[in-house]
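Down below is the structure, laid out as structure tokens.
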Amino acid sequence: MRLFDILRAALILAVLAAAVEMLSRAEHLEGRAEAVDGDTLDIAGTHIRLSGIDAPELRQTCEREGRAWRCGEAARAALEEALAGGTVSCRAEKRDKYRRPLALCTVSGTDLASLMVRQGLAVAYLGNAYQSEEATARAARRGLWAGSFQRPADYRAEHPRGP
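Going by the working numbering, the first residue of the sequence shown is number 347, and it counts up by one from there.
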């Protein structure tokens, strides 16, 4: 009985050690980047999704002062401007359903996701991160909050990608 307990404990420790190793494997990506859209960037051919936010889809329009405006294009342009600030550093803990790294990315120490939400060109998404930035942008009526818009997730549901 004692040998069985020792073997079981050793197996449990091995499984836990493997789990810790897997969880501690963060991807680090760094380099010059280009904006793909308002919440996705490209570093050397790797598309990286900014974790914790959702920006309008590239073709999405919103309404401001009774007129349509290309909020998806505006979000991409804002991210592109932020990326021009220097080398981008990303740390990805996991991947999304499209197998893109989900990452916290910075330029010169500035959190890009936070910046996009503060500018009102993205919303907090899947969790509590960036909720205070969203509330501040909403109160100041910045970006999307200056008019009406469909949440990006709802827009995607109504406009699914083709095969």
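Virtual Cβ for every residue (Gly too), placed ideally from N, Cα, C.
(message) Could you pull the DSSP bridge partners for aspartate 400 from this structure?
(response) Within the sequence shown, the letter at position 54 stands for residue 400. Note: aspartate 400 sits in a beta bridge opposite Val469.
(request) Check whether the Cβ atoms of glycine 384 and alanine 468 sit closer than 9 Å, and answer yes or no. (result) Within the sequence shown, the letter at position 38 stands for residue 384. Within the sequence shown, the letter at position 122 stands for residue 468. Cβ distance < 9 Å, so glycine 384 and alanine 468 count as in contact.
(message) Judging by CA-CA distance, which residue of His393, Gly398 and Asp388 is the nearest neighbour of leucine 472?
(response) Position 126 of the sequence shown, counted from the first residue, corresponds to residue 472. Nearest Cα to leucine 472 within the set His393, Gly398 and Asp388: Gly398.
(message) For a quick check, are the C-beta atoms of leucine 458 and leucine 387 less than 9 Å apart?
(response) Sequence index remark: in the sequence shown, residue 458 carries index 112 (1-based). Sequence index remark: in the sequence shown, residue 387 carries index 41 (1-based). Yes, these two residues count as a Cβ contact at 9 Å.
(message) Quick check: glutamine 496 and cysteine 408, are their CB atoms within less than 9 Å of each other?
(response) Against the sequence shown, residue 496 aligns to sequence position 150. Against the sequence shown, residue 408 aligns to sequence position 62. The answer is yes: Cβ separation under 9 Å.
(request) Could you tell me which of Leu429, Arg445 and Arg437 sits nearest to methionine 462, measuring between CA atoms? (result) Here residue 462 refers to the residue found at position 116 when the sequence shown is read from its first residue. Comparing Cα positions, the closest option is Leu429.
(request) Can you check the stretch 420–446 for any beta strand (DSSP E) of at least 3 residues that lies completely inside it and give the ranges in chain order? (result) 434–441
(request) Whole angstroms is fine: what's the gap from glutamate 403's alpha carbon to glutamate 373's? (result) On the sequence shown, residue 403 is found 57 positions in, with the first residue counted as 1. On the sequence shown, residue 373 is found 27 positions in, with the first residue counted as 1. One C-alpha to the other measures close to 26 Å.
(request) To the nearest angstrom, report how far apart alanine 438 and leucine 448 are at their CA atoms. (result) As a position in the sequence shown, residue 438 is number 92, starting the count at 1. As a position in the sequence shown, residue 448 is number 102, starting the count at 1. When rounded, the distance between both Cα atoms is 5 Å.
(request) Just confirm the distance between the C-beta atoms of leucine 490 and cysteine 451, as a whole number of angstroms; I'd bet it's less than 8 Å. (result) Position 144 of the sequence shown, counted from the first residue, corresponds to residue 490. Position 105 of the sequence shown, counted from the first residue, corresponds to residue 451. Not a contact, Cβ separation roughly 21 Å.
(message) Whole angstroms are fine: how far does the CA of glycine 377 sit from the CA of tyrosine 501?
(response) Within the sequence shown, the letter at position 155 stands for residue 501. Within the sequence shown, the letter at position 31 stands for residue 377. Cα to Cα, tyrosine 501 sits roughly 31 Å from glycine 377.
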